[in-house]
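Student: One gets my numbering by counting positions in the sequence shown from 1 and adding 676 to each.
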Amino acid sequence: MIRINLLPIKEIQAESTRRREMIIGGVALGATLLALLSMHLLQVFQLSSLESELAQLRSELQTLNVKVKQLGDLQNKIKEARGKNRIIDDLKKKKVGPVLVMANLAHAAPSTLWLTELRESGGVLTLSGLAADNKTVADFIHGLEASKHFKGVELIEIMEASAPTAGFKKFAIKTAVLYQPVEEKPLETKAPAPAKAEEKKG
C-alpha cells in the first residue's frame, strides 16, 4: 500500500494563505496610511492658504487703520480751522459792529439833540439826553427806526428838564441794538408784460 504524505502540501497552502492575508493587510494598511497622509497634506495646504489669507487681511486692516487715522486727523484739522474762522469772524463783528452802531446813532441824532448817557445790557441800549423840543425827539426816534442796527425803538419818558438845563426836553429811549444785522434779501420784481401791439383797423 502506497502512503502519500500530505503534510507538506497543507503547510504550503497554509503558508500561501498567510502570505496572501499579509499582502492584503499590507495593501489595506498602505491604502489607509496613504489616505491619512493625503488628508494631512490637504489640511496642511488649507491651513497654509488660510494663514496667507489671514496675513493679507491683517495687512489690509492695518492699511485701513492708517487711512482712518489720517481721515480723523484731517477732520480734526477742518474742525479746528472752522473754529478759528468763527473766532476771527466774531472778533471782526465785535470790532466793526460798535463802530457802525455809533455811526448810525450819530447820523440819526438831530443837531439840536445831545446824548448824555448810553447804557447797554443784554443787547438792549438805553439812551438818555436833552433835546430842543418834542419834535426833535420824534425825529431822533424815526432816525433810529430807519437804521438796521436798531430794532423796537421805544420812548420811555420825556419831560421838561430842570435847572441848569431848563427849557430843554429830557428824554430816555430804549432800543435793541444789532451789531451785525441780518441782510435782507431784495424782493424779486417781475418784469412788466410787453404791451400787445394794437390791431390794425381793417
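Even for Gly, the Cβ is constructed at its ideal location relative to N, Cα and C.
1) Can you give me the Cβ contacts of Met778 inside the same chain, cut-off strictly under 8 angstroms, excluding the 5 residues immediately before and after it?
2) For the alpha helix (DSSP H) holding Phe816, just list the boundary residues, first then last.
3) Going by beta-carbon coordinates alone, are Leu791 and Gly805 separated by less than 8 angstroms?
4) So who's on the other strand from Phe826, going by DSSP bridges?
5) Please identify the residue among Leu854, Lys850, Arg696 whose C-alpha is closest to the C-alpha of Leu801.
6) So, with DSSP's three-state summary, where would you put Ser724?
7) Is it a yes or a no for the segment 822 to 834 touching the segment 778 to 788, going by three-plus beta-carbon pairs under 8 angstroms?
Tutor: If we stick to the structure as given:
1) none
2) 810 to 822
3) yes
4) Val853
5) Lys850
6) helix
7) yes
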